[in-house]
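Quick note: the sequence shown uses our numbering, first residue -6, plus one each step.
Each residue gets a CB set at the ideal place from its N, CA and C atoms; glycine is no exception.
Remember, predicted model here, so these are calculated numbers, not experimental data.
Working notes, beginning with the structure itself.
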Amino acid sequence: MSYHVVATNVELWVIDGRITFTPHDHTDPLFGGFATAGLVDAHAHTTFDLSDRDLTPGADETVSENVLDYLGAGVTYLRDTGGISMAAVAQQGPRLAAAGRFLAPPGRYIPDWILPTEPSDLAAAATKQVAAGSWWVKIVCDWFSPETGKVESHYDRDVVASAVDAAHAAGARVALHCIDEQSVDIALATGVDSIEHACNATKSQVELMAERGTAWCPTITAVRGFTSHPLSDPEYQSRVRSFYAETLYELLPLASTLGVTILAGSDTVPPAEFWREVVALHEYGLSPEGALAAATTEARGYFGVPDLEEGAPADLVLYDGDPRVDPAALASPALVMIGGRILSRRR
Ligand SMILES: [Zn+2]
-6 MSYHVVATNV
4 ELWVIDGRIT
14 FTPHDHTDPL
24 FGGFATAGLV
34 DAHAHTTFDL
44 SDRDLTPGAD
54 ETVSENVLDY
64 LGAGVTYLRD
74 TGGISMAAVA
84 QQGPRLAAAG
94 RFLAPPGRYI
104 PDWILPTEPS
114 DLAAAATKQV
124 AAGSWWVKIV
134 CDWFSPETGK
144 VESHYDRDVV
154 ASAVDAAHAA
164 GARVALHCID
174 EQSVDIALAT
184 GVDSIEHACN
194 ATKSQVELMA
204 ERGTAWCPTI
214 TAVRGFTSHP
224 LSDPEYQSRV
234 RSFYAETLYE
244 LLPLASTLGV
254 TILAGSDTVP
264 PAEFWREVVA
274 LHEYGLSPEG
284 ALAAATTEAR
294 GYFGVPDLEE
304 GAPADLVLYD
314 GDPRVDPAAL
324 ASPALVMIGG
334 RILSRRR
């Protein structure tokens, strides 16, 4: 099928599964609404049963079903930031890049999820993840200690630096899980590509993100929810509370002004709720256009995947409302097209 798409923000044609801006005849019209190439979830975990559908964690089918859920929700590109198996890595392609296993020391983070990795083995583990096909490496730099309950760093700066160098040398990028300030310092000192969460970042750290070109994926929807439950580190909890009550309202607009790449990431929030992260980015002070860009154009540029551009595979998501006015318009796509084929439509 060939289509002529006239949206409020763009006019294009879909011919042989690809986008073109050259007018064609004999096409089916798709009129109205706002068009994107689909949303980008920069922090997903597709090996989990994200929507409580009794899927087996880590199974190939679980990844495929989650990807379908994402597509239905208008999310056409995913970065999987760590799995409990290599199933997401095996399904990488034009719409999915994956980080393989969560790397954390034995008994740390969520012990059932991780590939247990002593500090002395971190660089070798990163190399192995990439050799096994991972396009990204995910390092869990801190979490609550099983002994003291306090948030502690798992790896020091030199250890992370050698793992980052190893991953880069093998052609992959690194995402560092940082729920506390000292891990963000480690990320900034070692050249990791993206900082995940950073729910305690400071103004000077945001300035350094801008200076060093480090992306920030704040995963607000997921982390804000998790910190509303009592945590084993009350001092940490009070700092995170004030971060969401005050600090982030300043830091997010600052990051945007300074040109930090901000990425929208849902973490373990179900695929159908990904849009809430875009709303949260707006709530914390990004303009609606800025929040939308974190899940569309800016993210696509960062991941090096095509947008609505000449010759690109025709991934196209139409919305009745205009997300530049209200990001909540992203909640229910009117039409989802993948590679020129309509996957779902409401009108
Ligand atoms: Zn995560």
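In this structure, the straight-line span from the alpha carbon of residue 5 to that of residue 152 is close to 49 Å. Counting along the chain, residue 121 sits inside the alpha helix (DSSP H) bounded by residues 115 to 124.
Here residue 59 is buried: its Cβ has 16 or more other Cβ atoms, across all protein chains shown, within 10 Å. Residue 10 has its Cβ no nearer than 7 Å to any heavy atom of ligand 1. Secondary structure note for residue 29: its beta strand (DSSP E) is the uninterrupted segment 27 to 29. DSSP places residue 11 outside any alpha helix (DSSP H); the residue lies instead in the beta strand (DSSP E), whose first and last residues are 11 to 13. Taking residue 1 as the centre and dropping the five residues before and after it, the same chain places the C-beta of 27 closer than 6 Å to its C-beta, in chain order. Burial state of residue 12 is buried, judged by a 10 Å Cβ sphere holding 16 or more other Cβ atoms. Assignment of residue 334 by DSSP, reduced to helix, strand and coil, places it in the strand class.
Remark: three or more beta-carbon pairs, one from each stretch, lie closer than 8 Å, so the stretch 160 to 168 and the stretch 106 to 126 are flagged as touching. In the displayed model, residue 71 falls within a strand according to three-state DSSP. Note on geometry: alpha-carbon atoms of residue 180 and residue 173 lie some 11 Å from one another. Taking each of 24, 67 and 88 in turn and checking the Cα distance to residue 299, the smallest one comes out for 88.
Nearest to residue 277 by alpha-carbon distance, out of 46, 53 and 239, is 239.
By the Cβ-count criterion, residue 83 is exposed, with fewer than 16 other Cβ atoms from all chains shown falling within 10 Å of its own Cβ. Taking non-hydrogen atoms of ligand 1 into account, the C-beta of residue 74 is found less than 7 Å away from one of them. Following the DSSP letters along the chain, one finds residue 286 inside the alpha helix (DSSP H) bounded by residues 281 to 287. Shown here, residue 46 sits in coil according to DSSP, grouped into three states, outside any helix or strand.
For residue 234, the uninterrupted alpha helix (DSSP H) segment begins and ends at 227 to 235.
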